[in-house]
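S.K.: What follows is a single structure, and I will ask about it in a moment.
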Amino acid sequence: MELITLEEVDSTNNYAKKNLKNFSDKTVIRALRQISGRGRLNRRWVDLGENNLFLSVVLKPSETFSSVYTNLTQYLSVILCQLFEEYGLHPEIKWPNDVLINGKKIAGILCETIMQGAALKGLVLGVGINLNSTSSELVSIPGNAATSVNLEIDREVNPDNFLDMFLKLFFKNYDEFLEKGFEFIKSDYLSRACFLNKQIQVEVLNETKYGIAKFVNDSGELVLYNNGKEFTLNIGDIL
């Protein structure tokens, strides 16, 4: 694994994609400042300063695309939960990969696939983590309520120490996850799920689906139950 640290960049994911051919498998790109960070569905990820974490992991696991790669963000959400638990927190997961503390979002995850014809050139797995912030700064974040680790544990967090722990935990079982897929993390994922057996709304592209979140299948897809019918969703955002 190689770690590259940039002083400032528009987006670590953009930087990784533009320079993908120059990076080997498992290269980690960290930015101290990220001025145009993005989350899922092109949502803006606000830069709260260099005492937080903005990074992308370049992954080149094969030359062809495998369905297990679609579950990488869910794998990452479990890793983040395990890490936050090391700080005494009680994180939850909102399908597919939002990590919440006390109902507030604390991290953003985005995975992008780079193809050339039928050939997989690589995956860029980006994450922004709120480590140190103030309540007034978090109010500026658009969308749902947000929080940061320091506010939850009432002390500052060392970003370098957190990053070291994160990378060790991420790569510890990464290869086994690629072999076994979502089933490898399913029990860990479901034990932290906050949406199951609830009436929910899911935004799917330009449509909203309604129903009870019955279960998550072995592929990481969400199954909704509504008026005697089941709907299986592989993309979407719980509102």
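Just so you know, the sequence shown maps onto residues 3 to 241 in my numbering.
Where a beta carbon is used, it is the ideal one built from N, C-alpha and C, also for glycine.
#1: Could you name the residues of the same chain whose beta carbon sits closer than 6 Å to that of G213, not counting the 5 residues immediately before and after it, in chain order?
#2: Note the first and the last residue of the continuous alpha helix (DSSP H) segment covering L102.
#3: Starting from M167, follow the alpha helix (DSSP H) in both directions and report where the run begins and ends.
#4: Distance check for E181 and P63, CA to CA, integer angstroms please.
#5: For L169 and Y89, I'd like the C-alpha separation in whole angstroms.
#6: Among the residues of its own chain, which have a CB less than 6 Å from the CB of D27, if the five just before and after it don't count?
#7: Please report the distance separating the alpha-carbon of L8 from that of K96.
#8: Count the other CB atoms, across all protein chains shown, that sit within 10 Å of the CB of A147; report buried if there are 16 or more and exposed otherwise.
#9: May I have the straight-line CA-CA distance separating Q76 from Y191, to the nearest angstrom?
#10: Which one or two residues does DSSP pair with L125 in a beta bridge?
M.R.: Judging by the given coordinates:
#1: L226, Y227, N228
#2: Note, L102: premise wrong, no alpha helix (DSSP H); beta strand (DSSP E) at 100-103.
#3: 161-174
#4: 11 Å
#5: 16 Å
#6: K62
#7: 31 Å
#8: exposed
#9: 8 Å
#10: L61, T115
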